[in-house]
Structures are given as structure tokens and as C-alpha cells.
């Protein structure tokens with residue numbers, strides 16, 4: 001990251017212009033997320049996790065009838081590839 005040093009009567013205007021340029025660059029970088037990169041061990045860890053990494057709350061253990069309904073939904077959604085994985089939108093790392 002670079003920095004600029006400027007002293008003059010229009011310093012505030014130049015500062016605001018630079019901030020707006022940086023904002024545009026950041027928005028452009030975030031507008032198209034990087035493709036997710038999953039290492040071999042990551043998928044295993046993803047499938048075995050039992051709690052939310054953000055709130056540390058447990059994932060619910062489902063009753064057999066809910067598991068069956070979930071299986072049907074999973075089969076229906078598998079063609080759409082809808083399972084969610086979180087990743088860094090800049091570098092693509094899982």
C-alpha cells in the first residue's frame with residue numbers, strides 16, 4: 001500500500017478524491033468473489049464440524065424424519081450445487 005503526502009490549499013479535496021478512488025478499487029475487488037480453493041483436508045473438516053465457527057453454537061442433531069426430508073432436499077439440490085462453504089473473496093482460500 002502506498003501513501004501520498006500533499007500540503008496545499010486543496011489538500012482536503014485531494015484526500016477525499018483519493019479515498020473515493022480507493023473505495024472504487026475495493027468495491028471492484030469485492031464485486032466478483034475469487035473461486036473457492038479447498039485443500040484435501042478442508043472438505044473432511046467441513047463435513048465433520050459440529051459447531052458454528054462464528055457463534056460456537058452447536059449444529060442441531062436431527063430426528064430421523066427430518067434427516068429423511070433433508071436427504072430428499074439434498075438430492076434435489078445436489079444438481080444445483082447449493083451447499084455453502086465460506087471463503088475469502090479476495091484470495092479464494094477456504
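Numbering (this note's numbering), first residue to last: 1 to 94. Glycine included, each C-beta is placed from N, C-alpha and C at the ideal position.
Length of the line joining the Cα atoms of residue 71 and residue 26: The alpha-carbon atoms of residue 71 and residue 26 are separated by roughly 40 Å.
Would you mind stating whether residue 89 and residue 34 have Cβ atoms separated by less than 7 Å? With respect to residue 34, residue 89 sits close: the two C-beta atoms are nearer than 7 Å.
Give me the Cα-Cα distance between residue 6 and residue 39, rounded to the nearest whole angstrom. Each residue's alpha carbon lies about 46 Å from the other.
Restricting to Cα atoms, I'd like to know which of 4, 64 and 43 is closest to residue 94. With distances taken between Cα atoms, residue 94 lies closest to 43.
State the Cα-Cα distance for the pair residue 56 and residue 63, rounded to the nearest angstrom. About 22 Å.
Helix, strand or coil: which one does DSSP assign to residue 93? Here residue 93 sits in strand by DSSP.
Residues that DSSP places opposite residue 51 in a beta bridge: By DSSP's assignment, residue 51 forms a beta bridge with 58.
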